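Structure first, commentary second.
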Amino acid sequence: MAKKHIRFDWAAKKMLRDKKNFGILEGFLSELLGEDIKIEGLLESESNQEDEDEKFNRVDLFAENSKGEHIIIEIQNTRELDYLMRMLFATSKAITEYLPVGAKYGEIKKVIAVSIVYFDLGKGEDYVYVGQTKFKGLHTDTVLQLTTAQKKLLGKPTIHQAYPEYYLIRTTKFNDIVNDRLDEWIYFFKNSEVLDEFRAKGMSEVREKLNVMNLPNDELKRYNKFLESLHDEASYAETIKIEAEEAAANAARKVEEEFRDDEKKGIALNLVNMNFPDEQIAQATGLDIAEVKKLRKHK
Numbered sequence: 468m469a470k471k472h473i474r475f476d477w478a479a480k481k482m483l484r485d486k487k488n489f490g491i492l493e494g495f496l497s498e499l500l501g502e503d504i505k506i507e508g509l510l511e512s513e514s515n516q517e518d519e520d521e522k523f524n525r526v527d528l529f530a531e532n533s534k535g536e537h538i539i540i541e542i543q544n545t546r547e548l549d550y551l552m553r554m555l556f557a558t559s560k561a562i563t564e565y566l567p568v569g570a571k572y573g574e575i576k577k578v579i580a581v582s583i584v585y586f587d588l589g590k591g592e593d594y595v596y597v598g599q600t601k602f603k604g605l606h607t608d609t610v611l612q613l614t615t616a617q618k619k620l621l622g623k624p625t626i627h628q629a630y631p632e633y634y635l636i637r638t639t640k641f642n643d644i645v646n647d648r649l650d651e652w653i654y655f656f657k658n659s660e661v662l663d664e665f666r667a668k669g670m671s672e673v674r675e676k677l678n679v680m681n682l683p684n685d686e687l688k689r690y691n692k693f694l695e696s697l698h699d700e701a702s703y704a705e706t707i708k709i710e711a712e713e714a715a716a717n718a719a720r721k722v723e724e725e726f727r728d729d730e731k732k733g734i735a736l737n738l739v740n741m742n743f744p745d746e747q748i749a750q751a752t753g754l755d756i757a758e759v760k761k762l763r764k765h766k
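FYI, in the numbering used here the residues of the sequence shown are 468 to 766.
See below:
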């Protein structure tokens, strides 16, 4: 049986910032990254501040794990065509914000950016994409490796492990077929449900702490208001989309009509130059007599 739970974006905004709930984030990140993740705390950032407005479209969490790596978790509800570039901006900002003045470049913290989006982003059939930076030989197609000294300095065995990594989860592409423990998390992100058979790390905490029925009455009211705002936004976005499509179709029809009208006038003008009678020109082109006479007058 599936039970309704609090949406992950609401939880990230209201609950997961509490240290006692870090187990939920740790469970998800451990399944995503394939290693045990321990969150040491949240980092201060403009995007990581509380916002009293319940109608938020994006939620950001900025955390640090036990290895000193910085992890950005972003949840985006509304469509942004340039969202991929915003991911780049967020990682770049994290790198520069937390490099002390005068520090060596070797002290740059590894940044892991995790984006959970609820709209179609890019073209592709998969629902989880990983972005890494690798240097490949132009002529040999081999990957550039670190020297022993560089490995010691950076504390990483490869270049891509020192550079930012991107994990993009497209919930709209998930088909609700659960094949592994990461899929259990993505099923939860998409449906706000936890099935009885789910055993992924952190799911026990989700069952215990994110059950909608456990919300106090005042918080439940705010949560329901938030859900209503999401429905309103979805309807508004669909309305804008339909109106834009109709406007584009009308513009295309107008252009086509103008083109056909110009084409008719061009044919009519040729017939005028050949001294065809106005009546025959009107019949051949579909123009009215007055328009034909006007063309003859101004030819």
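Cβ coordinates follow ideal geometry from the N, Cα and C atoms, glycine included. All values derive from a computational prediction rather than experimental measurement.
Fewer than three Cβ pairs drawn from the region 714 to 723 and the region 693 to 702 lie within less than 8 Å of each other, which leaves the two stretches out of contact. Put simply, the backbone Cα of residue 676 is about 58 Å away from that of residue 722.
Beta-bridge partners of residue 637 (DSSP): 584. For a cut-off of 8 Å, the C-beta gap from residue 601 to residue 627 is around 5 Å, short enough to register as a contact. Proximity of the region 565 to 584 to the region 626 to 643 meets the contact definition, three or more beta-carbon pairs being nearer than 8 Å. C-alpha of residue 662 to C-alpha of residue 652: approximately 11 Å in a straight line. Check the Cα spacing between residue 477 and each of 643, 673, 592, 690: the tightest is with 690. Residue 485 sits in coil when the DSSP states are folded into three classes, being neither helix nor strand. Rounded to the nearest whole angstrom, the CA to CA distance from residue 605 to residue 561 is 31 Å. With respect to residue 505, residue 533 sits close: the two C-beta atoms are nearer than 7 Å. Residue pairing of residue 538 in beta bridges, as defined by DSSP: 530, 579.
Counting along the chain, residue 555 sits inside the alpha helix (DSSP H) bounded by residues 550 to 564. Contact check for residue 579 against residue 538 passes: the beta carbons are separated by less than 7 Å.
For residue 594, the secondary structure class from DSSP, reduced to helix, strand or coil, is coil. Straight-line spacing of the CA atoms in residue 486 and residue 508 works out to 7 Å. Per DSSP, the continuous beta strand (DSSP E) segment holding residue 507 begins and ends at 506 to 509. Here DSSP, grouped into helix, strand and coil, assigns residue 603 to strand.
With respect to the 7 Å criterion, residue 668 and residue 494 are classified as neighbours on the basis of their beta carbons. If you compare the alpha carbons of 473, 569, 511, 551 with that of residue 596, the shortest gap goes to 551.
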